[in-house]
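Q: Structure provided below as structure tokens; questions to follow.
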Amino acid sequence: MSSSLLRFGFLLTLCGITFTEAKEFLVGGATNAWTIPSTASEPLNQWAESTRFLVGDYLVWKYDPVKDSVLQVRRKDYLSCNTSKPIAEHRDGETRLRLRRSGPFYFISGADQACEKGEKLVVVVMSQGHWLRTVGGVSPAPSPAEGDGDSPALAPVTGGAQGAVKGSFGFASVLLMGTVIFLW
């Protein structure tokens with residue numbers, strides 16, 4: 002009996018570890034989504050509102066570095082499309098940023114008049130207490146109106162970016178391994 006409980010505890014620990022794996026999100030859900038939207042409905046923010054971001058996750062932008070850039074800004078600069086005082090500026094064409102804290106993050110395009118035409122994004126990162134990812138679907142993120150919006154710069158992360166969300170394989174592997182150990 003005690004070895005079964007030990008195995009069950011081990012399985013729960015492994016599952017808990019995999020639930021907190023960082024995921025990588027391609028901004029807008031597609032390559033080259035960082036562009037002026039064809040409609041005024043702010044599709045980038047619609048994408049962000051339907052996605053659950055946690056501390057440790059990564060955002061990836063893919064864009065033409067000759068024509069565009071990504072600026073992280075304060076809330077007031079996001080609302081006014083002010084590109085003159087960014088918190089951080091990225092012009093590499095494949096920007097990968099780690100979300101290191103909870104709360105709202107504001108991004109606008111550095112291209113002339115692109116922000117005014119809708120090329121901007123608000124990402125709300127869930128607090129540490131929301132570590133368990135929703136199973137069976139994605140819950141919408143809370144409203145970006147919370148907080149004052151003054152956020153520290155995100156450090157860029159080196160290395161190639163994958164468009165797919167990471168972590169699913171790790172979870173499946175650990176779940177399979179835990180089941181085998183549990184039944185053994």
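Take the sequence shown: its letter number 9 is residue 10 in the working numbering, and every next letter is one higher. Quick reminder that beta carbons are idealized off the backbone N, C-alpha and C, glycines included.
#1: Which two residues bound the contiguous alpha helix (DSSP H) that contains Tyr79?
#2: Can Asp113 and Gly94 be called in contact, C-beta distance under 8 angstroms?
#3: Using the rule of at least 16 other Cβ atoms within 10 Å of the residue's Cβ for burial, across every protein chain shown, is Leu80 buried or exposed?
#4: Count the other C-beta atoms from every protein chain shown that fall within 10 angstroms of the C-beta of Glu120, then say buried if there are 16 or more, exposed otherwise.
#5: What would DSSP say about Leu72, mapped onto helix, strand or coil?
#6: Measuring straight from C-alpha to C-alpha, what distance separates Phe26 and Gly104?
#7: In the DSSP assignment, find the unbroken beta strand (DSSP E) run with Ala49 in it and report its ends.
#8: Span of the beta strand (DSSP E) holding Trp62?
#9: What does the alpha-carbon distance come out to for the pair Glu43 and Val71?
A: In short, the structure shows the following:
#1: Numbered from its first residue, the sequence shown carries residue 79 at position 78. Here the alpha helix (DSSP H) through Tyr79 covers Arg76 to Ser81.
#2: Position 112 of the sequence shown, counting from 1, holds the residue named residue 113. Position 93 of the sequence shown, counting from 1, holds the residue named residue 94. No, they are not a contact pair.
#3: In the sequence shown, the residue the question calls residue 80 occupies position 79. When all chains shown are included, Leu80 counts as exposed.
#4: Residue numbering aside, residue 120 sits at position 119 when the sequence shown is read from its first letter. Glu120 comes out buried.
#5: Walking along the sequence shown from the start, residue 72 turns up at place 71. DSSP places Leu72 in strand when its eight states are reduced to three.
#6: If you number the sequence shown from 1, residue 26 lands on position 25. If you number the sequence shown from 1, residue 104 lands on position 103. Roughly 17 angstroms separates the two Cα atoms.
#7: Locating residue 49 in the sequence shown gives position 48, counting from the first residue. Not the beta strand (DSSP E): Ala49 falls in the alpha helix (DSSP H), residues Pro44 to Glu50.
#8: Within the sequence shown, residue 62 is the residue found at index 61, counting from 1. Unbroken beta strand (DSSP E) run through Trp62: Tyr59 to Lys63.
#9: Along the sequence shown, read from residue 1 onward, the residue named residue 43 stands at position 42. Along the sequence shown, read from residue 1 onward, the residue named residue 71 stands at position 70. Between Glu43 and Val71, the C-alpha separation is close to 16 angstroms.
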